[in-house]
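Q: Please read through the structure below; I'll follow up with questions.
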Amino acid sequence: MSDRPYILVTNDDGIHAKGLAELIEVMRLFGDIAVIAPEVAMSGMSNAITADKPLRAVKLSEEPGIAIYKCNGTPVDCVKLGFNHILERAPDYVVSGINHGANSSISVIYSGTMGAAIEGCLHGVPSVGISLLDFQPDADFGKAKIYTARIFQALLENELPRFTCLNVNIPKGIPKGIKICRQARGKWMEEYDKRTDPHNRNYFWLTGSFMNFEENATDTDLYALEKNYVSIVPVKVDMTCYDTLEELKSWKF
Numbered sequence: 000m001s002d003r004p005y006i007l008v009t010n011d012d013g014i015h016a017k018g019l020a021e022l023i024e025v026m027r028l029f030g031d032i033a034v035i036a037p038e039v040a041m042s043g044m045s046n047a048i049t050a051d052k053p054l055r056a057v058k059l060s061e062e063p064g065i066a067i068y069k070c071n072g073t074p075v076d077c078v079k080l081g082f083n084h085i086l087e088r089a090p091d092y093v094v095s096g097i098n099h100g101a102n103s104s105i106s107v108i109y110s111g112t113m114g115a116a117i118e119g120c121l122h123g124v125p126s127v128g129i130s131l132l133d134f135q136p137d138a139d140f141g142k143a144k145i146y147t148a149r150i151f152q153a154l155l156e157n158e159l160p161r162f163t164c165l166n167v168n169i170p171k172g173i174p175k176g177i178k179i180c181r182q183a184r185g186k187w188m189e190e191y192d193k194r195t196d197p198h199n200r201n202y203f204w205l206t207g208s209f210m211n212f213e214e215n216a217t218d219t220d221l222y223a224l225e226k227n228y229v230s231i232v233p234v235k236v237d238m239t240c241y242d243t244l245e246e247l248k249s250w251k252f
């Protein structure tokens, strides 16, 4: 093991995703890396873990400075296996992505990309999830790679609070710069399309549209992306609503 940073790289689009290959190229500039990624796409898995079947991790390749594994589990499974069994030591950083499609606003709670980053920070390791606002399998990651390198360099030079990770979203095209933001309030509306199969049985297909509850706010990740800026939102593991904590103590149960 060299004295370079040791970086665990994962994603939720699967081991063959272009975004993962592009992220690997960037991370190899900064340290030795271990890639542990799902063998198939696991988008929308959030913090899911596998509890009903055996997990397997298969080494696909290894050369100086990089080892690549595929896993039949979720993004969080990949991170957990890395920390517990696969890696020769705990990584110094966990980087998840580059996701095909944004994970801004409330999408952070559904995202497998961010699930992996959150799992990394639960282990006390500085972690970041990176997404590009382009769902195409052959998306152009050129500018996304440049900003990924800038953000990771800043992560090397600074210290994140314990149990906090970064949610980075990069607009399509040429970004104007970086904005530090908060998560926009919003939700997905009319989320399922009801359809009927040839046997006259109903089924449902995930669809819908996103509603931004604060369209006039200028300090959110959605505003930054709309204005063609890279958004960075610090994400905490602690989901306690401290505004409600004291109020609840006055309730009569």
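Residue 163 in numbering that gives the first Met the number 0 sits at position 164 of the sequence shown; the count goes up by one each step and never skips. Each residue gets a CB set at the ideal place from its N, CA and C atoms; glycine is no exception.
#1: Please say whether A223 and K186 have beta carbons closer to each other than 8 Å?
#2: Ordered along the chain, which non-local residues of its own chain (more than five positions away) have a Cβ less than 6 Å from that of G13?
#3: Along the chain, where does the beta strand (DSSP E) that runs through V25 open and close?
#4: Taking V25 as the reference, give the member of Q152, P170 and A50 with the closest Cα.
#5: What does a CB cutoff of less than 8 Å around D237 pick up in its chain, not counting 5 residues either side in sequence?
#6: With the cut-off set at 8 Å, would you say Y109 and G43 are in Cβ contact?
#7: Put G81 into one of helix, strand or coil per three-state DSSP.
#8: For T147, name the three-state secondary structure that DSSP assigns.
#9: For K248, report the span of its alpha helix (DSSP H) as first-last.
#10: Please name the residue, chosen from L19, I6, E118 and M188, that lies closest to D137 on a Cα-to-Cα basis.
#11: Which one of E225, E189 and W204 has the shortest CA to CA distance from D196?
#12: Among the candidates D139, Q135, I169 and A56, whose CA atom is the shortest distance from the CA of R149?
#13: Between V34, S230, P90 and R200, which has its C-alpha nearest K175's C-alpha?
#14: Per DSSP, Y5 is paired with what?
#15: Can you tell me the Cα-Cα spacing of V232 and E118, whole angstroms?
#16: Since N98 and N10 are thought to touch, with beta carbons under 8 Å apart, how far apart are those beta carbons, to the nearest angstrom?
A: Well, looking at it:
#1: no
#2: P37, V39 and A40
#3: Note, V25: premise wrong, no beta strand (DSSP E); alpha helix (DSSP H) at K17 to M26.
#4: Q152
#5: Result list for D237: F162, in chain order.
#6: yes
#7: helix
#8: In this structure, T147 counts as helix in the three-state DSSP scheme.
#9: K248 -> alpha helix (DSSP H) spans Y241 to K248.
#10: The option with the nearest alpha carbon to D137 is L19.
#11: W204
#12: I169
#13: S230
#14: D31
#15: Roughly 16 Å between the two C-alpha positions.
#16: 7 Å
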